[in-house]
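Peer 1:
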Amino acid sequence: MADRLVRNSSSLHALSAPDPGRGTIEPMLPALLRGIIFISVLAAPFVAALLAG
(Lines of atoms letter the chains of each structure in order from A; the text may use other names.)
(Lines give C-alpha, C1' and ligand atoms only; values in the text may rest on other atoms or scores of the structure.)
Protein backbone atom coordinates (compact mmCIF):
# COMPACT_ATOMS: atom_id res chain seq x y z
CA MET A 50 0.00 0.00 0.00
CA ALA A 51 2.79 2.41 0.92
CA ASP A 52 4.67 1.75 -2.33
CA ARG A 53 1.46 2.53 -4.27
CA LEU A 54 1.20 5.87 -2.47
CA VAL A 55 4.82 6.64 -3.25
CA ARG A 56 4.34 5.78 -6.91
CA ASN A 57 1.18 7.89 -7.16
CA SER A 58 2.73 10.88 -5.46
CA SER A 59 5.89 10.71 -7.57
CA SER A 60 3.89 10.41 -10.80
CA LEU A 61 2.10 13.66 -9.99
CA HIS A 62 5.37 15.52 -10.45
CA ALA A 63 5.51 14.36 -14.06
CA LEU A 64 2.32 16.23 -14.89
CA SER A 65 2.86 19.69 -16.26
CA ALA A 66 1.31 22.48 -14.26
CA PRO A 67 -1.36 24.50 -16.07
CA ASP A 68 -0.31 27.89 -17.35
CA PRO A 69 -1.41 30.50 -14.78
CA GLY A 70 -2.25 33.00 -17.53
CA ARG A 71 -4.68 30.59 -19.13
CA GLY A 72 -7.75 29.65 -17.10
CA THR A 73 -9.10 26.12 -16.95
CA ILE A 74 -12.49 27.30 -18.21
CA GLU A 75 -11.11 28.17 -21.64
CA PRO A 76 -11.28 24.62 -23.10
CA MET A 77 -14.81 24.26 -21.73
CA LEU A 78 -16.19 27.30 -23.57
CA PRO A 79 -16.54 25.70 -27.04
CA ALA A 80 -18.39 22.72 -25.56
CA LEU A 81 -20.62 25.05 -23.57
CA LEU A 82 -21.37 27.10 -26.68
CA ARG A 83 -22.22 23.96 -28.67
CA GLY A 84 -24.56 22.88 -25.86
CA ILE A 85 -26.32 26.24 -25.81
CA ILE A 86 -26.75 26.20 -29.58
CA PHE A 87 -28.04 22.62 -29.47
CA ILE A 88 -30.59 23.40 -26.76
CA SER A 89 -31.76 26.56 -28.52
CA VAL A 90 -32.22 24.68 -31.82
CA LEU A 91 -34.28 22.05 -30.02
CA ALA A 92 -36.35 24.65 -28.17
CA ALA A 93 -37.02 26.90 -31.19
CA PRO A 94 -40.15 25.04 -32.47
CA PHE A 95 -41.68 25.01 -28.99
CA VAL A 96 -41.02 28.70 -28.46
CA ALA A 97 -42.49 29.45 -31.90
CA ALA A 98 -45.60 27.40 -31.06
CA LEU A 99 -46.01 29.24 -27.76
CA LEU A 100 -45.69 32.61 -29.45
CA ALA A 101 -48.13 31.63 -32.21
CA GLY A 102 -50.70 30.78 -29.57
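Residue 78 in my numbering sits at position 29 of the sequence shown; the count goes up by one each step and never skips.
Every residue, glycine too, gets a C-beta built ideally from N, C-alpha and C.
For clarity, every value in this text was computed on a predicted model and none was experimentally measured.
Just the C-alpha distance for Ala92 and Met77, rounded to the nearest angstrom, thanks.
Peer 2: 22 Å
Peer 1: So, with DSSP's three-state summary, where would you put Pro76?
Peer 2: In the structure shown, Pro76 sits in coil (DSSP, three-state: anything other than H, G, I, E or B).
Peer 1: To the nearest angstrom, report how far apart Leu99 and Glu75 are at their CA atoms.
Peer 2: 35 Å
Peer 1: Roughly how many angstroms separate the alpha carbons of Ala101 and Ala80, rounded to a whole number?
Peer 2: 32 Å
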